[in-house]
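Visitor: What follows is a single structure, and I will ask about it in a moment.
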């Protein structure tokens, strides 16, 4: 039922954009689907500081995505910029489930191009 409504709304999309400007419903729909992530973090919280727990979970996820996509970080003890080894990156890229969990789709990126998993060495 919902998909039929969305499909029917798409027929009137060009007229609505001309009359009312950009369609905010379609823009916010992507972010509304992210609410399930917040809800899951909240359920797993200890209930004493839910915002802090959600923030920590989001930061940990962002850190994991950064590391597994070939990002660099500074080692506090040596003050050197380091990145994950080629074996770690290869292991992540060869597992479609891991890529999906990290928000990296192996086939196509948001604008329909093949993704490039390049690492910039310094």
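Numbering (the working numbering), first residue to last: 60 to 181.
Just so it is clear, CB atoms sit at the ideal spot from N, CA and C, and this is done for glycine as well.
Whole angstroms are fine: how far does the CA of residue 163 sit from the CA of residue 150?
Guide: Roughly 14 Å between the two C-alpha positions.
Visitor: Excluding sequence positions up to five away, which residues of its chain have a Cβ less than 6 Å from the Cβ of residue 143?
Guide: Excluding positions up to five away in sequence, the list reads 126.
Visitor: Report buried or exposed for residue 70, applying the criterion of at least 16 other Cβ atoms within 10 angstroms of its Cβ.
Guide: Under this definition residue 70 is an exposed residue.
Visitor: Would DSSP call residue 94 helix, strand or coil?
Guide: Reduced to three states, the DSSP call for residue 94 is helix.
Visitor: What is the rounded straight-line gap between the Cα of residue 137 and the Cα of residue 96?
Guide: Roughly 35 Å between the two C-alpha positions.
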